[in-house]
């Protein structure tokens, strides 16, 4: 389910959701994406997305350029910066939840991780987190092809890279 709307970067939705942990989540997603790609990803292409089920992700919006990466299992993949950044979102949300075990944000991070994973791999969500995501302003993407509701084209690679 890749239908999403764009959140202005100045709204910092991770800070609205996770307070003080929000800035470190954002930094970790960008850092993790660059480490996994083996290169610096384009700075001007980063955007916050809010998916139909309420999941929020910080994504490098370039699905056409392909970068060779290797998964933790040693499998070689040719993926877009968008796929790399989505897998980094999944990994960072999971890792932060483990670090914050027993703290206030742990449950929210786990729910957001699960909702984002569903937004990437499923047509119809079973998890809706719209009630816990902030009421922030969004806009539709300029490319009408982004408004479809179907699994992400690189869903399999994203899940492989995030585990």
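Numbering (full-length UniProt numbering), first residue to last: 1 to 163.
Glycine included, every Cβ here is placed at the ideal spot set by N, Cα and C.
Being a predicted model, the structure only gives us computed values, none of them experimental.
Just to confirm the assignment, what range does the alpha helix (DSSP H) spanning residue i have?
| i | result |
| --- | --- |
| residue 70 | Per DSSP, residue 70 belongs to no alpha helix (DSSP H); it is in the beta strand (DSSP E), 67-70. |
| residue 33 | 21-37 |
| residue 100 | Neither: residue 100 is in no alpha helix (DSSP H) and is coded neither H nor E. |
Under the rule that 16 or more other beta-carbon atoms within 10 Å means buried, what is residue i, buried or exposed?
| i | result |
| --- | --- |
| residue 70 | exposed |
| residue 49 | buried |
| residue 4 | buried |
| residue 91 | buried |
Let me know the secondary structure DSSP gives residue i once reduced to three states.
| i | result |
| --- | --- |
| residue 63 | coil |
| residue 82 | helix |
| residue 106 | helix |
| residue 90 | helix |
First and last residue of the beta strand (DSSP E) that includes residue i?
| i | result |
| --- | --- |
| residue 78 | 76-79 |
| residue 49 | 46-51 |
Would you mind working out which of the options sits nearest residue i, comparing C-alpha positions?
| i | options | result |
| --- | --- | --- |
| residue 19 | 68, 95, 109 | 109 |
| residue 57 | 76, 72, 22, 40 | 22 |
| residue 82 | 95, 47, 26 | 47 |
For a quick check, are the C-beta atoms of residue i and residue j less than 8 Å apart?
| i | j | result |
| --- | --- | --- |
| residue 67 | residue 33 | no |
| residue 45 | residue 28 | no |
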